[in-house]
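> Let me give you the structure first, and then I'll get to my questions.
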Amino acid sequence: MKRKVIFDCDPGVDDGVALLLALSAKHEIDLLGVTTVAGNVSAELTARNACVIREIVGRLDVPIFSGCTKPLVRDPIGAGHFHGESGLGDLPIRALTHHASSEHAVDFLVRTLIDAAPESMSLVITGPMTNVATALQREPRCLKGIKEFVIMGGARSEGGNITASAEYNIYADPHAAQKIFNAGPRVWAFGLDATHQVRATPARTATLSAIGTPIARAAAQLIEFSNALPANGPREHGSPLHDPCPIVWLIQPELFEFIPCHVDVETESPLTLGHTAVEFRPRADREQNVRWAVRANADGVFSLINRVF
Numbered sequence: 071m072k073r074k075v076i077f078d079c080d081p082g083v084d085d086g087v088a089l090l091l092a093l094s095a096k097h098e099i100d101l102l103g104v105t106t107v108a109g110n111v112s113a114e115l116t117a118r119n120a121c122v123i124r125e126i127v128g129r130l131d132v133p134i135f136s137g138c139t140k141p142l143v144r145d146p147i148g149a150g151h152f153h154g155e156s157g158l159g160d161l162p163i164r165a166l167t168h169h170a171s172s173e174h175a176v177d178f179l180v181r182t183l184i185d186a187a188p189e190s191m192s193l194v195i196t197g198p199m200t201n202v203a204t205a206l207q208r209e210p211r212c213l214k215g216i217k218e219f220v221i222m223g224g225a226r227s228e229g230g231n232i233t234a235s236a237e238y239n240i241y242a243d244p245h246a247a248q249k250i251f252n253a254g255p256r257v258w259a260f261g262l263d264a265t266h267q268v269r270a271t272p273a274r275t276a277t278l279s280a281i282g283t284p285i286a287r288a289a290a291q292l293i294e295f296s297n298a299l300p301a302n303g304p305r306e307h308g309s310p311l312h313d314p315c316p317i318v319w320l321i322q323p324e325l326f327e328f329i330p331c332h333v334d335v336e337t338e339s340p341l342t343l344g345h346t347a348v349e350f351r352p353r354a355d356r357e358q359n360v361r362w363a364v365r366a367n368a369d370g371v372f373s374l375i376n377r378v379f
């Protein structure tokens with residue numbers, strides 16, 4: 071049976087690839103809606119970018135809802151230097167034929183989750199977790215409909231990618247992330263430990279581009295933009311493909327290995343704000359409600375992406 075999925079994201083180059091994949095995998099994923107949030111770029115741009123991706127795939131049946139414009143507590147921090155002025159690298163931005171819904175993302179989340187059958191919904195989150203945390207804060211009854219959170223965020227052994235100890239999605243709204251990790255439903259977490267194993271090498275990117283479909287070409291163009299950034303290391307190594315990993319897992323979970331753990335998020339210290347404290351040791355006073363991805367089959371990930379595109 072296909073998972074019922076809501077995809078919360080902040081497109082974003084790698085979010086863009088993830089959204090291309092989620093929208094294309096209609097035989098594997100029942101995508102009920104896409105919610106966008108301020109993160110990599112502004113809330114206005116992330117909603118527009120999601121609509122751009124939707125039109126590339128031709129899935130106008132999937133509604134898009136624009137959400138929170140700033141984090142719960144901290145000041146906003148964008149990442150346009152990694153994603154380009156538009157947020158989608160150098161992907162052409164054409165005039166839209168369909169725009170985001172007028173309903174706010176948080177209202178959609180509350181309405182959908184309250185009406186859902188118990189533990190029936192998978193919430194994929196690949197940006198700051200502000201929308202989902204706000205929905206749970208506003209209406210705790212939302213929890214009954216959630217089967218699992220599937221997130222891209224955090225780091226343990228790899229260190230951070232925005233500070234020495236913090237991964238961007240967690241750092242952008244650490245208070246929201248702490249709420250999600252401790253909300254109750256199981257969390258499947260794809261941090262930098264796993265996503266840094268999934269690198270879009272030139273050979274893999276060329277194979278993707280050679281598929282020749284508009285979707286594959288768009289994905290390859292987004293990846294090439296990321297590969298060209300000095301911050302991602304030598305171009306021949308390829309950039310990490312962070313946000314598609316949770317979507318790939320929904321389709322083919324055996325491509326990843328996990329260890330049960332407890333996760334707390336640092337929300338106070340200026341030095342380590344957004345750090346994910348990942349504890350693998352079982353403790354009587356701490357539930358191991360998180361499954362932390364430690365290994366990824368990169369060849370398998372790209373084979374799946376190529377097949378879907």
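Positions 71 to 379 (my numbering) are the ones given, in order, by the sequence shown.
Built from N, CA and C at the ideal position, the CB exists for glycine as well.
These numbers come from a predicted model, not from an experiment.
#1: For a test of the three-state rule: what should DSSP assign to Lys214, helix, strand or coil?
#2: Is it buried or exposed, Glu294, if we count other Cβ atoms within 10 angstroms and call 16 or more buried?
#3: According to DSSP, what are the bridge partners of Ile317?
#4: Take the Cβ of Leu130 as the centre, count every other Cβ of all protein chains shown within 10 Å, and call the residue buried at 16 or more, exposed below.
#5: State the Cα-Cα distance for the pair Leu292 and Pro244, rounded to the nearest angstrom.
#6: For Lys249, does the three-state DSSP call read helix, strand or coil?
#7: Could you check whether the segment 251-263 touches the segment 217-233, counting it as contact only if at least three pairs of C-beta atoms, one from each stretch, sit closer than 8 Å?
#8: May I have the straight-line CA-CA distance separating Ser156 from Gly150, to the nearest angstrom?
#9: Which residues in the same chain have their Cβ closer than 7 Å to the Cβ of Gly169, if we skip the five residues on either side of it in sequence?
#10: Is Val122 helix, strand or coil by DSSP?
#11: Less than 8 Å between the CB atoms is what I'm expecting for Pro316 and Asp84, so what's the real figure, rounded?
#12: Helix, strand or coil for Phe178, going by three-state DSSP, please let me know.
#13: Three-state secondary structure (DSSP) at Val83?
#14: Helix or strand or just coil, what does DSSP make of Arg164?
#15: Count the C-beta pairs between the segment 106-126 and the segment 160-169 that are closer than 8 Å, then say yes if the count reaches three, no if not.
#16: How about Ser192 and Val75: are their beta carbons less than 8 Å apart?
#17: Give every residue of the same chain whose Cβ lies closer than 8 Å to the Cβ of Thr271, excluding the five residues on either side of it in the sequence, and list them in chain order.
#18: Report buried or exposed for Val127, applying the criterion of at least 16 other Cβ atoms within 10 angstroms of its Cβ.
#19: Just the Cα atoms here: how many angstroms apart are Gly197 and Leu115?
#20: Is Ser437 helix, strand or coil by DSSP?
#21: In angstroms with no decimal places, state the Cα-to-Cα distance between Glu357 and Glu327.
#22: Taking just the CA atoms, how far does Arg365 sit from Phe178?
#23: Within 10 angstroms of the Cβ of Ala341, are there 16 or more other Cβ atoms? Answer buried if so, exposed if not.
#24: According to DSSP, is Ser373 helix, strand or coil?
#25: What span of residues does the beta strand (DSSP E) with Leu206 cover, start to end?
#26: Roughly how many angstroms separate the alpha carbons of His174 and Val333, rounded to a whole number?
#27: Does Gly150 come out as helix, strand or coil in the three-state DSSP assignment?
#28: Identify, in the order they occur along the chain, each residue of the same chain with its Cβ nearer than 8 Å to the Cβ of Asn231, setting aside the five sequence neighbours on each side.
#29: Can you say whether Arg274 is buried or exposed, counting buried as having 16 or more other CB atoms within 10 angstroms of its CB?
#30: Pull the bridge partners of Phe219 from the DSSP assignment, please.
#31: How big is the Cα-Cα spacing for Val143 and Asn201?
Checking against the coordinates, here is how it stands:
#1: helix
#2: buried
#3: Paired residues: none, contrary to the question.
#4: exposed
#5: 27 Å
#6: helix
#7: yes
#8: 8 Å
#9: Before going further, note that residue 169 is His rather than Gly in the sequence given. Counting only Cβ-Cβ distances below 7 Å, and skipping sequence neighbours, we find Cys121.
#10: helix
#11: About 11 Å; that fails the 8 Å criterion.
#12: helix
#13: helix
#14: coil
#15: yes
#16: yes
#17: Glu306, His307 and Gly308
#18: buried
#19: 14 Å
#20: This structure cannot settle anything about residue 437, because the visible part of the chain is limited to 71 through 379.
#21: 20 Å
#22: 34 Å
#23: This sequence places Leu at residue 341; Ala is not what is there. Leu341 comes out exposed.
#24: helix
#25: First-last for Leu206: Thr200 to Arg208, but that is the alpha helix (DSSP H), not the beta strand (DSSP E).
#26: 30 Å
#27: helix
#28: Ala225, Glu237, Tyr238 and Leu262
#29: buried
#30: Leu193 and Val257
#31: 13 Å
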